[in-house]
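Student: My questions will all concern the structure given below.
Protein chains in written order, with my numbering: chain A, 1 to 1144; chain B, 1 to 181; chain C, 1 to 380; chain D, 1 to 288.
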């Protein structure tokens, strides 16, 4: 029986959507990747710089093996993958059905520009008369109504901003390829009802909207409106909120009962913004604040008209759904706006700042290299960042912490310093600095001590500006720890705006019974960061709460794993791997190169001297001929090219055209229709070469084109189609470590149908979970563990080896051979294709100086175990002191273990629950209750837990005297000594990883400075090692909660399944080889290969390569002095020849 | 200050302490307060003292008396704490305990309420006179003399005792006192 | 451990022979590698000796330096032979060998490396002339070269490599023979530098020695003298080669014989890229070049060849001078190479041959190099 | 439009002109006011400082009286302090039922019952949201067109209850001022505290705050207020502060309804400008 190929919809094509999609596509499943915006890449398209390198690394997410199935360029430019279909400007409307059989309804707004025809020449942009704020630059610059969706976009096709476009038709007239086609719009049929008790409002709105071609009716009260709706149907209603009798909100509810699809926009005065926002929760689409500009009204209406009228519905059958819409940022102008965002010049959001200083940003002064104020254009000397804007603030409806803003602001402050010099003063005002990652605390120290960023623990309540003295900048007032009130002026203030749920996803969730939490974020199931309340629907990335890049990527991979399990369970198959014909060996054939140039609908004689060009190329013996053709982008043009190739039978082709005709997919098509191997086709972007010679410099342009062509010709003439290398790949996994990360990754891989050997050095499975009782959320850990272990033990694809360690391992292309050593049973050799290092970690032991068990001094773990053993009784405790960061976050172990604060809160809440009279004191440095954990911090405070902040200079000291235990600390704020008599002291000692360097080393993995697993890239490849067959998860990777451990384990699992799914792995076209004859076996290439793709075969005395691991980076070729390490298709000979040709 | 007073204060400020329980000492209140520069302890520090039971320190300062109920702190506190109300509770405690250093303001309020209790509505001249007498500070009235004369001349204050039966709200006041113990 | 090699018949040379004989007679040592005067000639060549009797022709210290022995020791050690060999090397030979070890072209697993204060060398042609004048003058040579005044030898200038050498003292060896600042009449000083060296030396039961009193002072003198000479030499060569025109002129006599490469101790490739098809041009190529410029000199790729060799190996150049020694066209390749090497080695903070654990620059990447590499300069 | 009216003690005494001008303006705008019978003091800041329960009982009595009248569900309050006390009570009894019960126990002494039906509205709220601004425009004689006036809101009509204006950046008076033809003085002191409650007990603190406001108002022709405490504080300390600072800080201070009344053609006597403590001559000369 030919089973169907598994297919998943990924809704949201930002970072997390792309991660999920690629993981599934690489595994061999089909993906439909959709996004509501007009370009993929999401938020990261707007960010040029990432922590900690201050560069971008988006491309590190691209496939590593069989990579020619996918585009291999910057993901901000776009993505092409054989297994991924991408639909932009598309919204997910509904989802029905069961896992393995879901029906999703999509709504796509068609573009007025045919992307296949658009050459990106930009003529339309020059004639477009409309200027609007460029959303990509966060409104800091202007753009036309016809524009490139993102400056990096690869497709290079223009798009039209429907809301701004006046449909003047100029672009349609000038487009040389006829790509712009305005669809006949029938706005007459779009019926709008305006409801307002004020006549003047009704009348003017009617007039404005009629001018745009819409049909408009009016009503002076809610009742009249309802009456009208009874007699005719409307598409849209604009209603005032405050009206006598029935108010707007009541009308909304009733109108929706009559017509569920009615688009409703609320109109409101300042005082009712809250009710307008409330109305949006009840189904209103948007709101307008009175008084409003007609343009704002029109653009809102036109946009909705497009989205709901022109958009086409589309129904797809899929197996699973991954929601990855991300989060939205808090918009100060719509809520509590005490910082005058949008009002005071120089108050910007973090994202705006990133745009301001991006490579093309308007904030850069190319002359002086200084940062310029976006409004005044004057150099910026003093900047401030204000944290927790719209987070940890009940007045803006956000009692949660947004988790990542602290790090973002540190990054931005460092960037400012790096880009504009140390003289630029930078200050971060914060409440708690939440550096909750293993390298974050160090980054903060770098910012503070090396870069000179000032950190002030104070909240600025508002900003003001002296309207008469705008040059004084923004005035801020804050109080320092010593109680001194300071007044300071800043040129630029960056607001670290917090997270808000993605509204579109929240609406979708509400309509499709997908559970959300108290704040409207998608809620995931216990111990999972991806499973939603509906089976088969997964949440990826930040949708369930803001995450940094690495956590988002991890969570999205975990979501992909979830989808993969669904598809496997539903019996779906993977896409068969094309065998790929072995290309003809051309080594002995004389190269015959056909050179074809496309005119792109223009007159070449005005741009090029074709005769000169022909004469120049004719002296190259390998040239078959130079052909000029037209409109390659059309069906007809394409056929002409194919016919030409069939007639002339060249064995190589050099093609000069616009970008869209020469991208990978088109060339692949050409290969299919002509049999000419795609790597024998060289392409040139004619449009951009010719752009270098504006005006009528025909001679220069001809020379330029000739030079470019000659380079391609030289590249091409030494080429031989290389059969793609394949390496047999072992399809079993080894998981080292039987904690929750190991268990989860083993189960996950096994659930996808692959065999797993799990080894555990101890006698029982469960790791740290064995000593835990409940999570801070009150979830029963033992029940969860029992269930997991039961599944593990009964899974037919899993073999468990307890009391077993790795004795040694050897690697060859496609396989590991690991020798296991059982405590009693001796050795056993396992062959496996991937390795997951889930060796876990432990709570660091108590330092002997602070510990004294007879005085009830514990680590957190010891305390919890003592409670369970009933060696201490919480009811009897009078005073408990918890000391956070004990022996950690200082020179000894300079990282934050992330989970100790949460654990302390959990224990504090537990103690208060057992005995509300127990005094609980938490001595902390920064309270790391990130994300929704903030609520437990608040709850602990509400229950009377007393928190003392201390700093490194005054660490708490414990003294023991005849039966008494006294903790001495220093209250940082009050600057006074504090002594607490305690009958129990609990130290949060942090996490120590348990990943032996020798073990990691054997598998080609590395450790970081703190002995955790070192990620291939901490942000974009957070569970991978540089060896593409080795992964890590759980505590050996980094400190994490149980949910986070499960998430990283699932991520490691899908990353492994990606490899395991292939019997044979296909390399990329560009891979390195070794010429054994000239190789001196110096092993320089082995040492330098960043991907661990090279091995010494000591039996045969040669270097062997795993072609799937090789990324064609060419480092080996660079270090090899004898030229024995060769990059296929990019040999020295070709390079030298290309130089000669360019100079000839 | 004696231990007993401290204990009484602890009991009386229990509600205030609960009200600021979730304070994270971010300092927004202090930076927002128009009277900070006249306070010996800033609100940020005061909440901290309250949370750590340093009643003696709080009540040996006069900071909370300086609160002019502008509600900026309440408006801006990211934790949503009703700080102005908490300030009032501290004022109440100080007043009930008749702490010496708060005599001036306590008496001011007391005189005011006495006037209300008697007449239902307040008559500025009456309560001011009472207040000055209670302060037993013969010089103090002169500070207000100019304003007083001005008001008199505009006919805005009436030196004679006002309308309304004596003891108009006495029943209410007594009942409140009874309920509050 | 510091012991003494006593003179034999008032001859240091014989004393040394005796020392090596004792070594070879030890059970642990199967063979000795050291310079031996060949029968029936004045030529002194590195030899592998297994018969102690044949050590009477051994000349451990001489001005003869026909080739850098690192290449030979590499041949003896790149794989296990099952035999233990003691190897006597000049400091520049040791350093070159250490580089080869890093490149997996040799191993010290089965070797005892014996180093010595450098006895300097004449160029091969000068040595031939000198040997004619003073055959078998081994002791006189030792007296001269380790005296305070050793600028010339019978009127012959020492090789410019030796005069400008900044590391003429042994490093990375197991056993060292010290000669500078030593009162040779009282014998030579031999020290053990590693545990392996200690074991060997301990068994020889040599008399104890004290640290030579004037040694530090001599080392300092020599270093300073050579360093001054080196700077002058580099200034001079830089001046002569600091443009592409001058550089081409410098190499205009090059005949692509590749002798310099063949004699370079660190040029370790089995087959040089210049011997492969990369530089085996199509006939049409020569014509195209000639057409472009009007004429071209043949052989082509001469300067390119030297530049490539510098690119590949200058980081590992130990400054032994054998490239110049081998050049039939009398091009002072060494001087140019050393001047370039000084820059590349400084750029990578790399010191070839001094630390066996220091990885070759291209095989490691330090994050601090990132800014240099990607060209993003950060404000500091 | 029809509201119950709670003048409060100050409007009976020190701020009689506020009472008079409010009644006059509302009548002109076609709004009927009916005074709550037998109203009593709201407790001001004094009750709050002395007794928690009392601070709610005093306003509650007035709310209960209003409910008893059964005429309108909305109470118009010109005095910001009274407004806040009444508003607080209105709000808390919706949430804190035990407190409501306690309050009713006390009110039983006067045979009163509080149900919680009344909505407390500030005069400014009613003026800017309920009163048809066209009426003010229509009535205004453009005498004010050369004037630049500084709207001063004070604290308690803005905070903590966010009802009709932005508590950080209030602007509700702008439209009313512009309706008269006058311009709005551009300043950001409108919502700042004037320190009235401290002027008697801690004069230096109170003076500092009034001083800031008076200084910032330099350049305006008048300050408009909507609170008797603010009015008194801004008016009565001008001389003292001017003397201390060595500046001329004299500025006319008017209640908003006085100003609107004048604009709409009422006479100086009608709005009792004679009762104002500040020197209003400069203002009257320029305006009329």
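C-beta atoms are modelled at their ideal positions from N, C-alpha and C, and glycine is treated no differently.
If we count Cβ pairs, one from each stretch, closer than 8 Å, do we get three or more for the stretch 14–24 of chain B versus the stretch 1112–1126 of chain A?
Tutor: The stretch 14–24 of chain B vs the stretch 1112–1126 of chain A: no contact.
Student: Compare the beta carbon distance of residue 201 of chain C and residue 4 of chain C with 7 Å and say whether it is the shorter of the two.
Tutor: Your numbering for residue 201 of chain C matches position 201 in the third chain. Your numbering for residue 4 of chain C matches position 4 in the third chain. No; because the gap between Cβ atoms is not below 7 Å, this pair is not in contact.
Student: Residues of chain B with CB under 9 Å from residue 167 of chain D, in chain order?
Tutor: The count along the fourth chain starts at 1 and reaches residue 167 of chain D at position 167. Those are 71, 72, 75, listed as they occur along chain B.
Student: Mind listing which residues of the stretch 78–105 of chain B have their C-beta closer than 7 Å to chain A's C-betas, in chain order?
Tutor: Listed by position, the residues of the stretch 78–105 of chain B near chain A (Cβ gap below 7 Å) are 78, 79, 80.
Student: What number of angstroms, rounded off, separates the C-alpha of residue 1132 of chain A from the C-alpha of residue 273 of chain C?
Tutor: As a working mapping, residue 1132 of chain A is identified with position 1132 in the first chain. As a working mapping, residue 273 of chain C is identified with position 273 in the third chain. Distance between the alpha carbons of residue 1132 of chain A and residue 273 of chain C: 10 Å.
Student: Give a yes or no on whether the minimum CB-CB distance between residue 275 of chain A and chain D is below 7 Å.
Tutor: Counted from its first residue, the first chain places residue 275 of chain A at position 275. Not an interface residue.
Student: With distances taken between CB atoms, is the gap from residue 165 of chain A to residue 145 of chain A smaller than 7 Å?
Tutor: Looking up residue 165 of chain A in the first chain gives position 165. Looking up residue 145 of chain A in the first chain gives position 145. Taking 7 Å as the Cβ cut-off, residue 165 of chain A and residue 145 of chain A qualify as a contacting pair.
Student: Would residue 13 of chain D count as contacting chain B if we go by Cβ distances under 7 Å?
Tutor: As a first step, residue 13 of chain D must be located in the fourth chain, where it is residue number 13. Interface residue, yes.
Student: Identify each residue in the stretch 165–195 of chain D for which the Cβ-Cβ distance to at least one residue of chain A is less than 7 Å, and report them in chain order.
Tutor: Cβ contacts with chain A: 166, 168, 186, 188.
Student: Would you list the one or two residues that DSSP bridges to residue 627 of chain A?
Tutor: For this step, residue 627 of chain A is matched to residue 627 along the first chain. For residue 627 of chain A, which the question treats as bridged, DSSP gives the partners A/596.
Student: Give the straight-line distance between the Cα atoms of residue 804 of chain A and residue 827 of chain A, rounded to the nearest whole angstrom.
Tutor: Counting from 1 along the first chain, the entry for residue 804 of chain A is found at position 804. Counting from 1 along the first chain, the entry for residue 827 of chain A is found at position 827. Rounded to whole angstroms, residue 804 of chain A to residue 827 of chain A spans 9 Å at the Cα level.
Student: Using a Cβ cut-off of 7 Å (strictly closer), state whether residue 73 of chain C contacts chain A.
Tutor: If you number the third chain from 1, residue 73 of chain C lands on position 73. Taking Cβ atoms only, chain A never reaches closer than 7 Å to residue 73 of chain C, which makes this a no.
Student: Let's test the definition: count the other Cβ atoms within 10 Å of the Cβ of residue 1157 of chain A and tell me whether it reaches 16, buried, or not, exposed.
Tutor: No information on residue 1157 of chain A is available, as it lies outside the stretch 1 to 1144 that chain A covers here.
Student: Just curious, the alpha helix (DSSP H) that residue 394 of chain C is in, first and last residue?
Tutor: Coverage of chain C is limited to positions 1 through 380, which leaves residue 394 of chain C absent and any answer about it impossible.
Student: Provide the residue span of the alpha helix (DSSP H) that contains residue 103 of chain A, from first to last.
Tutor: The residue you call residue 103 of chain A lines up with position 103 of the first chain. Element bounds for residue 103 of chain A: not the alpha helix (DSSP H) but the beta strand (DSSP E), 101–108.
Student: What residues in the stretch 320–339 of chain A have a beta carbon less than 9 Å from any beta carbon of chain D?
Tutor: Result list: 336, 337, 338.
Student: Name the DSSP beta bridge partners of residue 815 of chain A, please?
Tutor: Numbered from 1 along the first chain, position 815 holds the residue referred to as residue 815 of chain A. In DSSP, residue 815 of chain A forms a bridge with A/812.
Student: Which residue wins for smallest C-alpha separation from residue 768 of chain A, given the options A/750, A/742, A/159?
Tutor: What you label residue 768 of chain A is simply residue 768 of the first chain in a count that begins at 1. Minimum Cα distance to residue 768 of chain A is reached at A/742.
Student: Does residue 464 of chain A have its Cβ less than 7 Å from a Cβ in chain D?
Tutor: The count along the first chain starts at 1 and reaches residue 464 of chain A at position 464. For residue 464 of chain A, the answer is yes, since a Cβ of chain D falls inside 7 Å of its Cβ.
Student: Below 6 Å CB to CB, which residues in the same chain sit around residue 808 of chain A once its five sequence neighbours on both sides are set aside?
Tutor: Counting from 1 along the first chain, the entry for residue 808 of chain A is found at position 808. For residue 808 of chain A, where only same-chain residues beyond five positions count, the Cβ hits under 6 Å are 819.
Student: From the DSSP secondary-structure annotation, give me the bridge partner or partners of residue 385 of chain A.
Tutor: Against the first chain, residue 385 of chain A aligns to sequence position 385. Bridge partners of residue 385 of chain A: A/428, A/494.
Student: Hey, out of A/25, A/1030, A/899, whose CA is closest to residue 79 of chain A's CA?
Tutor: As a first step, residue 79 of chain A is located in the first chain; it is residue number 79 there, counting from the start. The shortest C-alpha separation from residue 79 of chain A is found at A/25.
Student: Is residue 289 of chain D near residue 66 of chain D, with beta carbons less than 7 Å apart?
Tutor: Not covered by the structure: residue 289 of chain D. The range shown for chain D is 1 to 288.
Student: Between the stretch 33–52 of chain B and chain A, which residues of the former have a C-beta closer than 8 Å to a C-beta of the latter?
Tutor: Per Cβ criterion, the list reads 36, 37, 41, 42, 44, 45, 48, 49, 51, 52.
Student: Taking 7 Å as the threshold (beta carbon to beta carbon), is residue 217 of chain D in contact with chain B?
Tutor: Within the fourth chain, residue 217 of chain D is the residue found at index 217, counting from 1. Answer no: the Cβ-Cβ gap between residue 217 of chain D and chain B never drops below 7 Å.
Student: Unbroken beta strand (DSSP E) runs of length 3 or more, entirely within the stretch 316–359 of chain A: which are they?
Tutor: Qualifying beta strand (DSSP E) stretches, in chain order: 320–323, 347–349.
Student: Using the DSSP secondary-structure output, state which residues sit across from residue 774 of chain A in a beta bridge.
Tutor: Here the question's residue 774 of chain A lines up with position 774 in the first chain. Beta-bridge pairing links residue 774 of chain A to A/780.
Student: So what does DSSP say about residue 983 of chain A, is it helix, strand or coil?
Tutor: Indexing the first chain from 1 puts residue 983 of chain A at position 983. Residue 983 of chain A falls in the coil class under three-state DSSP.
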